[in-house]
Amino acid sequence: MPLTFFPGSVGRVHWRCRTVDDARAGVVFAHGFGQHTGHYHRFASGLAAHGIAWWGLDLAGHGLSEGEPGSPGNVEFHAEDFGVLTGLAAESGLPLVVMGHSLGAATVLTALDADPSGGSRLAGVVLCGTPRTAALQETAEALGASDLPVLLVHGVDDRLAPIDPVREWASSLPGAQWCEYPDAGHDLLHEPVHRRVTSDIAAFVGDVAGRIPRFPEKRPGPSR
1 MPLTFFPGSV GRVHWRCRTV DDARAGVVFA HGFGQHTGHY HRFASGLAAH GIAWWGLDLA
61 GHGLSEGEPG SPGNVEFHAE DFGVLTGLAA ESGLPLVVMG HSLGAATVLT ALDADPSGGS
121 RLAGVVLCGT PRTAALQETA EALGASDLPV LLVHGVDDRL APIDPVREWA SSLPGAQWCE
181 YPDAGHDLLH EPVHRRVTSD IAAFVGDVAG RIPRFPEKRP GPSR
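Each step along the sequence shown adds one to the number in the UniProt record's numbering, with nothing skipped, and position 31 is 31.
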């Protein structure tokens, strides 16, 4: 299968899509610092088992995307690129949930701050391992303005993004669902508890996807 790219904020951006026959929803995903979409094949397969398609973005400087390797990059540029991928995913006609892990969570929050409505096809938001630097009043306001259902998942033993300030921040989000996982650290989707985390995310996506209409389907792009 050919590699898939689009012109991004600092060069070519690589993205992947895991298609699903008769999908009921889609997840548009941004990974954490030092990762890339190739690390998330298992997560994409887990979602596929629940009838959920998956789109993933290699942030600039990560994976096959151009940019400065070894640098977290500019989160505003990441958010712009994430918005492009969300638009590509929207061509599928599926209800979409946007999701980010760590740096990806900050990317999703920045994207929502720039465009609170997120487009009429967004059904919800999932934040994983949210860094406390992103758990701010402004981002809480951006989530509130989006009027989207929110699920936050976090490891109790997370040392990179300690849980206490994020738990307090989550309590300020009206109606947000909070799931914490004992004996789990920062990288939840690669921890021993990953199956439970994926199941919880899939249940949330399935629930919120039914709240908005499905649009006529188009091919969501090549599977990678």
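Heads up, the beta-carbon is just placed ideally off N, CA and C, and yes, glycines get one too.
N- and C-terminal bounds of the beta strand (DSSP E) containing residue i
| i | result |
| --- | --- |
| threonine 4 | 4-7 |
| leucine 151 | 150-155 |
| glutamate 180 | 177-181 |
Residue j beta carbon less than 9 Å from that of residue i
| i | j | result |
| --- | --- | --- |
| leucine 3 | leucine 64 | yes |
| valine 156 | aspartate 183 | yes |
| alanine 135 | valine 166 | yes |
| serine 9 | aspartate 81 | yes |
| tryptophan 55 | valine 27 | yes |
| alanine 60 | glycine 70 | no |
| leucine 88 | arginine 24 | no |
Inter-residue CB distance, residue i and residue j (contact presumed, cutoff 8 Å)
| i | j | result |
| --- | --- | --- |
| leucine 188 | cysteine 128 | 6 Å |
| valine 123 | isoleucine 212 | It is worth fixing the name first, because residue 123 is alanine in this sequence and not valine. So it is a contact: roughly 5 Å between Cβ atoms. |
| leucine 143 | leucine 173 | 6 Å |
| leucine 57 | alanine 30 | 5 Å |
| valine 153 | valine 125 | About 12 Å; that fails the 8 Å criterion. |
| alanine 106 | proline 131 | 6 Å |
Cβ-based burial, residue i [other Cβ within 10 Å; buried from 16]
| i | result |
| --- | --- |
| residue 225 | Nothing can be reported for residue 225: it is not among the residues displayed for the chain, which extend from 1 to 224. |
| leucine 85 | buried |
| arginine 18 | buried |
| residue 270 | Outside the shown range of the chain, which is 1 to 224, sits residue 270, and nothing can be said about it. |
| glutamine 35 | buried |
| threonine 198 | buried |
| arginine 195 | exposed |
| aspartate 164 | exposed |
| threonine 139 | buried |
| serine 92 | buried |
| isoleucine 52 | buried |
| threonine 133 | exposed |
Endpoints, alpha helix (DSSP H) assigned at residue i
| i | result |
| --- | --- |
| isoleucine 163 | 163-170 |
| isoleucine 52 | No alpha helix (DSSP H) holds isoleucine 52; the beta strand (DSSP E) holding it covers 52-57. |
| histidine 14 | No alpha helix (DSSP H) holds histidine 14; the beta strand (DSSP E) holding it covers 12-18. |
| glutamate 141 | 137-146 |
| arginine 195 | 194-209 |
Short CB-CB distance (under 9 Å) between residue i and chain C
| i | result |
| --- | --- |
| leucine 94 | In the structure shown, chain C does not exist; there is a single protein chain. |
Q: With a floor of 3 residues, list each beta strand (DSSP E) that falls wholly inside the UniProt domain "Serine aminopeptidase S33" (22-130), ordered by position along the chain.
A: 25-30, 52-57, 96-101, 122-128
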